[in-house]
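With the working numbering applied, the sequence shown covers 1 to 97. Okay, structure first, notes after.
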Amino acid sequence: FDEWLNVLQSLALPFALIPTLKLAQSHAIMTGDFATGTRWRAFGWVAAAAIIALNIYLLLPLVLELAARGILAACLAYASFGLYLFFVGVLVLDDVY
């Protein structure tokens with residue numbers, strides 16, 4: 001049970017981290033000297049990319065294990081993982097453009 005809780009928490013972390021980074025670097029929201037500087041902004045995005053990459057690295061064996069158990073579980077796992085990647089990509093692209 002504890003392993004699944006850790007997996008869910010690691011998957012939820014980018015959904016909190018990316019909006020926090022976006023809010024902290026916005027000069028419209030964080031007026032004056034409160035917005036993050038270039039170094040902290042770069043560090044935050046590198047950390048977020050590392051967390052997302054680790055999630056992909058750690059989730060892939062789980063998805064492959066579910067695929068070995070049955071086709072329905074594999075389809076659901078692949079669809080969930082695809083939605084996760086899509087949502088994280090939308091958040092990141094929204095920040096870039």
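Glycine is no exception: its CB is placed at the ideal position from the N, C-alpha and C atoms.
Does the Cβ-Cβ distance between Val63 and Ile18 come in under 8 Å?
Counting from one through the sequence shown, the residue named residue 63 turns up at place 63. Counting from one through the sequence shown, the residue named residue 18 turns up at place 18. Going by C-beta atoms, Val63 is not nearer than 8 Å to Ile18.
If you follow the alpha helix (DSSP H) that Thr20 is in, where does it begin and where does it stop?
By one-based count along the sequence shown, residue 20 stands at place 20. Per DSSP, Thr20 belongs to the alpha helix (DSSP H) from 2-25.
Is DSSP giving Gly70 helix, strand or coil here?
As a working mapping, residue 70 is identified with position 70 in the sequence shown. Residue state for Gly70 is assigned as coil, using DSSP reduced to three classes.
Measure the alpha-carbon distance for Leu13 versus Leu72 and round it to whole angstroms.
For this step, residue 13 is matched to residue 13 along the sequence shown. For this step, residue 72 is matched to residue 72 along the sequence shown. Straight across, the Cα-Cα distance linking Leu13 with Leu72 is about 27 Å.
Say whether chain C places a C-beta atom closer than 8 Å to the C-beta of Val7.
Checking the listed chains, one finds no chain C in this structure; it contains a single protein chain.
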